[in-house]
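Chemist:
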Amino acid sequence: MEVGQCDHLLLHRDRAFLSIIFDRPQVRNAMNLEMVHELERVMKAVAASDEIRAVILRGAHGHFCAGGDVKDMVQANERLQQDPNSDPFFELNRAFGRLLCLVDQLPQTVICVLEGSVLGGGFGLVCVSDVAISLANAKFGLPETGLGIPPAQIAPFVVRRIGLTQARYLALVGPWFQGEEALRLGLVHRLAEDRDALKRELDQVLGSLAMRGPQANAVTKRLMHAVGSKPLDDLLDNAAHAFSEAIRGAEGREGTQAFAQKRKPTWAL
Amino acid sequence: MEVGQCDHLLLHRDRAFLSIIFDRPQVRNAMNLEMVHELERVMKAVAASDEIRAVILRGAHGHFCAGGDVKDMVQANERLQQDPNSDPFFELNRAFGRLLCLVDQLPQTVICVLEGSVLGGGFGLVCVSDVAISLANAKFGLPETGLGIPPAQIAPFVVRRIGLTQARYLALVGPWFQGEEALRLGLVHRLAEDRDALKRELDQVLGSLAMRGPQANAVTKRLMHAVGSKPLDDLLDNAAHAFSEAIRGAEGREGTQAFAQKRKPTWAL
Amino acid sequence: MEVGQCDHLLLHRDRAFLSIIFDRPQVRNAMNLEMVHELERVMKAVAASDEIRAVILRGAHGHFCAGGDVKDMVQANERLQQDPNSDPFFELNRAFGRLLCLVDQLPQTVICVLEGSVLGGGFGLVCVSDVAISLANAKFGLPETGLGIPPAQIAPFVVRRIGLTQARYLALVGPWFQGEEALRLGLVHRLAEDRDALKRELDQVLGSLAMRGPQANAVTKRLMHAVGSKPLDDLLDNAAHAFSEAIRGAEGREGTQAFAQKRKPTWAL
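So, in structure tokens, the structure goes:
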């Protein structure tokens, strides 16, 4: 897997698991457009790779991600002054939505490990993860409308993550909250009291993922994402075809045989 | 803002916040058709006003709202006897659904303050609020099918509020429950043990809303409501346009500058 | 109500309540294709009957249902060897989805009583119930992708039951969990510490259902299922017609009169 140079990300691979670490300490890992493009490039390489089974998104220096970098706004404004017919704010905002779609639909399992600031765009990334593990004292919030702007690309993903009822409250009133509330709202799946516990939770998830069929997981994720966009009967027909293909394929044959023989499948890590 | 005479509502305005207080003590603020029409008129005036940022719905005399007034049923029946070709029950029921749509889509933030009875149609109003704050001992329930009738206009809003899983259980079995369960089900957002705490919770929400950009909040609410009715790419395109417009508009310019200068924006209350 | 011979189910009727008890002790009530067909036959008979108001699904011998019977897989494979142009795995899988649709849309209220194993297809059945009551130490999980196959027919129903956020985590990582977590995730509605409490919870639900109008419940279930598949205005028009029909019908007339006269309606059990 080749991803080229990254200035704002640290990449670390362990077996089939790729850690992508946000590394912009001066701004609590707030994303600028360059970092968004780097993430896009890495995600596309991962999507095309059959060596990676899961991606771990996390931040260096005690924070996950504080949102969007305000310096991008200044630059967008300068571009707008130079060319009043351009719409650099649209482009800037829309680029982040494309990244969110890419992460959401990634065939591999996406894990977010959360600590410190999880705000705005960082909050948006959590909303497209398959597994979110949070330190109890991580800080979550949607500060946008306090600045007179909407959480634009994030809004649909927040609604899909935790439902309209909670999303409208969080976005309009803007309360900050911590890990336990994030668990209660269904934003995250697992909670850890301290960094040792955070590591243990992540290791446990990776241990489980090592035993799950990577193709079966990719197919399952695709089937689940289709819910709501097609009539139920079509979903079920597609699902039955996917089932038949899986159980007659190499991974499914080995997996069901290993189960019957009470041994690990060969594809387990 | 001009709303005309209201016989069943008390209106009270404090800065940009309008309290609408149900005032039918003899029936625990159950709604009759007249009250529904009054609410409709007030909501339309609020929607057209740029002076109001939030609406607070609550009941006088220790109850939120006990549902629909059964006397309307008797009158509808009389009208049906006079004109067998009319369908007064349809009209009566449908009018309440129009009100629920209006409140749901109101550009301003809608806050429900809950105590005492929160039943039937009162339960329906909670389902279209942006923020719901409840006394711990408020009583919630959907009594309808115990009377041999469906919670007709309410049903879709209950499903959208708390999901089909909880909605079908509450509507079919009809358990009564209190504030803590309402919080757990995601029907309400905040809980208060007593009336002093209820006031503090409301003041805190209003204090937060005073700092949020009113245009940004209205745009956010509109974007979130569109989820599910349009393809994701269209939602994200619309959101990016809304973002660009907001950040170049007066509210967004002032909001982002105030943030950079670590001061309150001028539009804060 | 005539259902013919059942080899894998015990049926027990008490007033308007039909218990359907899975009875395959050797495999913790795992479903084979025959049992799926038997369930389909019973459900169709129930749907057509106006004597039954609620169906109780449960397992004999301390387990609810451990999923699909692996012996069906072996047989499907044999059929595939005999006729390489057939797709017995598709047929096998799709049959279960048809059953899930049937249970989901049953006009009567469906109650699942959960203990022991609630895995795979058993988990899927819970997802289409109106009421789920669980022993605290029941064991829930989606083991499928650990065998290299997707939880194909089940996936859409899990997403609709508990939302995509929790569904993707449970299906991809595959944690086993117990009743309290099932309650927190919104998979089940009520929890019981032991078998006595389980019986009390069920009796309480049946006691409530005995007082609810069976037609009104059937209409309500139909209205709620339509949410998401039609524009809101159409849903509300249909709901108002259903309301008008109900309140002018025998059940609604008797129910509202009994309410006004503070007595039990005659249709109460």
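Protein chains in written order, with my numbering: chain Y, 1 to 269; chain F, 1001 to 1269; chain C, 2001 to 2269. Beta carbons: idealized from backbone N, C-alpha and C, even for Gly. Just so it is clear, the structure is predicted and the values come from calculations on it, not from any experiment.
(1) For Lys1139 of chain F, is the classification buried or exposed, using 16 other Cβ atoms within 10 angstroms of its Cβ as the cut-off for buried?
(2) Which value, in whole angstroms, describes the spacing of the CA atoms of Leu2119 of chain C and Arg2160 of chain C?
(3) So the candidates are C:Arg2015, C:Leu2009 and C:Lys2044; which of them puts its Cα closest to the Cα of Asn2029 of chain C?
(4) Less than 7 angstroms between the beta carbons of Met2211 of chain C and Ala1155 of chain F, yes or no?
(5) Answer yes or no: does any C-beta atom of chain Y fall closer than 7 angstroms to that of Ile1133 of chain F?
(6) Quick one: what's Asp1014 of chain F bridged to in DSSP?
(7) Start and end of the alpha helix (DSSP H) containing Ser2117 of chain C?
(8) Flag Arg2168 of chain C as yes if its beta-carbon sits less than 7 angstroms from any beta-carbon of chain Y, otherwise no.
(9) Classify Thr2145 of chain C as buried or exposed, calling it buried when 16 or more other Cβ atoms lie within 10 Å of its own Cβ.
(10) With a threshold of 8 angstroms on Cβ separation, who are the neighbours of Leu1235 of chain F within its own chain once the five nearest residues in sequence on each side are excluded?
(11) Excluding the 5 residues flanking Arg2079 of chain C on each side, which residues of the same chain have their C-beta closer than 7 angstroms to its C-beta?
(12) Where does Thr266 of chain Y land, buried or exposed, given buried means 16+ other C-beta within 10 angstroms?
(13) Who are the near neighbours of Ala2171 of chain C in its chain, counting only those whose CB is closer than 6 angstroms to its CB and skipping five residues on each side?
(14) Could you name the residues of the same chain whose beta carbon sits closer than 7 angstroms to that of Gly2174 of chain C, not counting the 5 residues immediately before and after it, in chain order?
(15) Taking Cys1127 of chain F as the reference, give the member of F:Gln1108, F:Val1158, F:Thr1109 and F:Arg1094 with the closest Cα.
(16) List in chain order: all unbroken alpha helix (DSSP H) runs of 4+ residues lying wholly within the stretch 1117-1143 of chain F.
(17) Determine the burial state of Lys1214 of chain F: buried for a count of at least 16 other Cβ atoms within 10 Å of its Cβ, exposed for fewer.
(18) DSSP puts Leu2057 of chain C in a beta bridge; with which residues?
(19) From which residue to which residue does the beta strand (DSSP E) around Leu191 of chain Y run?
(20) Between Arg1253 of chain F and Ile20 of chain Y, what straight-line distance do the alpha-carbon atoms span, to the nearest angstrom?
(21) For Leu2236 of chain C, report the span of its alpha helix (DSSP H) as first-last.
(22) Which runs of the alpha helix (DSSP H), 4 residues or longer, sit entirely within the stretch 65-107 of chain Y?
(23) So, is the C-beta of Phe2017 of chain C closer than 7 angstroms to a C-beta in chain F?
(24) In chain order, what residues of the same chain have a beta carbon less than 6 angstroms from the beta carbon of Glu1193 of chain F, not counting five sequence neighbours either side?
(25) For Asp1014 of chain F, which option in F:Leu1033, F:Glu1051 and F:Met1035 has the closest C-alpha, if you only look at C-alpha atoms?
(26) At the level of alpha carbons, what is the spacing between Asn2238 of chain C and Glu2245 of chain C?
(27) Are the CB atoms of Gln1166 of chain F and Leu1183 of chain F within a distance shorter than 7 angstroms?
(28) Tell me whether the beta-carbon of Leu102 of chain Y lies closer than 7 angstroms to the beta-carbon of Met35 of chain Y.
(29) Counting only beta-carbon separations shorter than 7 angstroms, does Ile2111 of chain C have a partner in chain F?
(30) Pull the bridge partners of Val227 of chain Y from the DSSP assignment, please.
(31) If Arg2053 of chain C and Phe2017 of chain C are in contact, beta carbons under 8 angstroms, what's the gap, nearest whole angstrom?
(32) Name, please, each residue of chain Y whose Cβ falls closer than 8 angstroms to the Cβ of Val1227 of chain F.
(33) With Thr2165 of chain C as the anchor, note down where its alpha helix (DSSP H) starts and where it stops.
(34) Would you say Thr1220 of chain F lies against chain Y (beta-carbon separation less than 7 angstroms)?
(35) Name the residues in the stretch 238-259 of chain Y whose C-beta lies less than 9 angstroms from a C-beta of chain F; which are they?
Modeler: Reading off the structure:
(1) The residue given as residue 1139 of chain F occupies position 139 in the second sequence. Buried, because 16 or more other Cβ atoms sit within 10 Å of the Cβ of Lys1139 of chain F.
(2) Translated into the one-based positions of the third sequence, residue 2119 of chain C becomes position 119. Translated into the one-based positions of the third sequence, residue 2160 of chain C becomes position 160. Going from the Cα of Leu2119 of chain C to the Cα of Arg2160 of chain C covers about 17 angstroms.
(3) Here residue 2029 of chain C corresponds to residue number 29 of the third sequence, with the count starting at 1. Nearest of C:Arg2015, C:Leu2009 and C:Lys2044 to Asn2029 of chain C, Cα basis: C:Leu2009.
(4) One-based indexing of the third sequence puts residue 2211 of chain C at position 211. One-based indexing of the second sequence puts residue 1155 of chain F at position 155. Not a contact, by the Cβ cut-off of 7 angstroms.
(5) Sequence index remark: in the second sequence, residue 1133 of chain F carries index 133 (1-based). No, Ile1133 of chain F does not count as interfacial toward chain Y.
(6) Position 14 of the second sequence, counted from the start, is the residue given in the question as residue 1014 of chain F. According to DSSP, which records beta bridges pairwise, Asp1014 of chain F is partnered with F:Phe1017.
(7) Walking along the third sequence from the start, residue 2117 of chain C turns up at place 117. From DSSP, Ser2117 of chain C is part of no alpha helix (DSSP H) but of the beta strand (DSSP E) over Ser2117 to Leu2119.
(8) Along the third sequence, read from residue 1 onward, the residue named residue 2168 of chain C stands at position 168. Yes, Arg2168 of chain C lies at the interface with chain Y (some Cβ there is under 7 angstroms from its Cβ).
(9) Sequence index remark: in the third sequence, residue 2145 of chain C carries index 145 (1-based). Per the 10 Å Cβ criterion, buried.
(10) Position 235 of the second sequence, counting from 1, holds the residue named residue 1235 of chain F. Contacts found: Leu1223, Ala1226 and Val1227.
(11) Reading the third sequence from its first residue, position 79 is the one you call residue 2079 of chain C. Here the set comprises Ser2086 and Pro2088.
(12) Residue 266 of chain Y sits at position 266 when you count from the first residue of the first sequence. Exposed.
(13) On the third sequence, position 171 is the one that residue 2171 of chain C refers to. If we look at Ala2171 of chain C and ignore the five residues flanking it on each side, its Cβ neighbours are Leu2142 and Pro2151.
(14) On the third sequence, residue 2174 of chain C is found 174 positions in, with the first residue counted as 1. If we look at Gly2174 of chain C and ignore the five residues flanking it on each side, its Cβ neighbours are Gly2141, Leu2142, Pro2143, Thr2145 and Gly2146.
(15) Within the second sequence, the letter at position 127 stands for residue 1127 of chain F. Nearest option by C-alpha distance: F:Val1158.
(16) 1121-1126
(17) Position 214 of the second sequence, counted from the start, is the residue given in the question as residue 1214 of chain F. Reading the sequence as shown, one finds Pro at residue 1214 of chain F and not Lys. Looking at its Cβ environment, which holds 16 or more other Cβ atoms inside 10 Å, Pro1214 of chain F is buried.
(18) Translated into the one-based positions of the third sequence, residue 2057 of chain C becomes position 57. For Leu2057 of chain C, which the question treats as bridged, DSSP gives the partners C:Ile2020 and C:Cys2112.
(19) Residue mapping note: residue 191 of chain Y aligns to position 191 of the first sequence, counting from 1. Looking at the DSSP string, the run of the beta strand (DSSP E) that includes Leu191 of chain Y is Arg190 to Ala192.
(20) Counting from 1 along the second sequence, the entry for residue 1253 of chain F is found at position 253. Counting from 1 along the first sequence, the entry for residue 20 of chain Y is found at position 20. Whole-angstrom Cα-Cα distance: 34 angstroms.
(21) Along the third sequence, one-based indexing puts residue 2236 of chain C at 236. Where Leu2236 of chain C is concerned, the enclosing alpha helix (DSSP H) stretches over Leu2232 to Arg2248.
(22) 70-82 and 88-104
(23) To locate residue 2017 of chain C, count along the third sequence from 1; it is residue 17. False, the Cβ-Cβ gap to chain F never drops below 7 angstroms.
(24) As a working mapping, residue 1193 of chain F is identified with position 193 in the second sequence. Correct list, in chain order: Ala1136.
(25) Within the second sequence, the letter at position 14 stands for residue 1014 of chain F. When each option's Cα is compared against that of Asp1014 of chain F, the closest is F:Glu1051.
(26) Translated into positions along the third sequence, residue 2238 of chain C becomes position 238. Translated into positions along the third sequence, residue 2245 of chain C becomes position 245. So the two alpha carbons sit approximately 11 angstroms from each other.
(27) Taking the first residue of the second sequence as 1, we reach residue 1183 of chain F at position 183. Taking the first residue of the second sequence as 1, we reach residue 1166 of chain F at position 166. Not in contact: Leu1183 of chain F and Gln1166 of chain F (Cβ atoms no closer than 7 angstroms).
(28) By one-based count along the first sequence, residue 102 of chain Y stands at place 102. By one-based count along the first sequence, residue 35 of chain Y stands at place 35. Cβ atoms of Leu102 of chain Y and Met35 of chain Y: not closer than 7 angstroms.
(29) Against the third sequence, residue 2111 of chain C aligns to sequence position 111. Ile2111 of chain C does not count as touching chain F.
(30) Here residue 227 of chain Y is taken as the residue at index 227 of the first sequence, counted from 1. In DSSP, Val227 of chain Y forms a bridge with Y:Lys230.
(31) Here the question's residue 2053 of chain C lines up with position 53 in the third sequence. Here the question's residue 2017 of chain C lines up with position 17 in the third sequence. Between Phe2017 of chain C and Arg2053 of chain C the Cβ distance is about 7 angstroms, and since that is below 8 angstroms, they are a contact.
(32) Indexing the second sequence from 1 puts residue 1227 of chain F at position 227. Chain Y residues near Val1227 of chain F: Ala155, Pro156, Val159, Arg160 and Leu164.
(33) Position 165 of the third sequence, counted from the first residue, corresponds to residue 2165 of chain C. Segment Ile2154 to Val2173, the alpha helix (DSSP H) holding Thr2165 of chain C.
(34) Taking the first residue of the second sequence as 1, we reach residue 1220 of chain F at position 220. Judged by the 7 angstroms Cβ criterion, Thr1220 of chain F is in contact with chain Y.
(35) none
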